[in-house]
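Chemist:
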Amino acid sequence: MDAHGKEIYSFCKSLTGNQMEADDLYQDTFLTAMEKDDKIHMEGGCLFYRRM
3 MDAHGKEIYS FCKSLTGNQM EADDLYQDTF LTAMEKDDKI HMEGGCLFYR
53 RM
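Going by this note's numbering, the sequence shown opens with residue 3, and the numbers climb by one from there.
Listed below in structure tokens is the structure:
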């Protein structure tokens with residue numbers, strides 16, 4: 003979260019155009035990432051999600 007938080011929040015805000023919705027989307031994003039942490043890994047400095 004520390005490494006990519008600002009970039010992800012900026013992306014959420016660009017998608018929603020609204021700070022409150024961006025906050026919700028940002029929180030949902032990290033909750034989902036924590037739930038699926040066994041499928042998320044770092045590769046080449048980028049975050050990838052393995053669908054399984």
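Quick reminder that beta carbons are idealized off the backbone N, C-alpha and C, glycines included.
1. Beta carbon of leucine 27, beta carbon of cysteine 14: below 9 Å?
2. Excluding the 5 residues flanking isoleucine 10 on each side, which residues of the same chain have their C-beta closer than 7 Å to its C-beta?
3. Hey, quick one: how far does the alpha helix (DSSP H) through glycine 7 stretch, first residue to last?
Modeler: Taking the geometry as given:
1. Start at 1 with the first residue of the sequence shown, and residue 27 comes out as number 25. Start at 1 with the first residue of the sequence shown, and residue 14 comes out as number 12. For leucine 27 and cysteine 14, yes; Cβs fall inside 9 Å.
2. The residue you call residue 10 lines up with position 8 of the sequence shown. Here the set comprises Tyr28, Thr31.
3. For the purposes of this step, residue 7 is taken as the residue at position 5 of the sequence shown. Taken as a continuous stretch (DSSP letters only), the alpha helix (DSSP H) holding glycine 7 covers 7-18.
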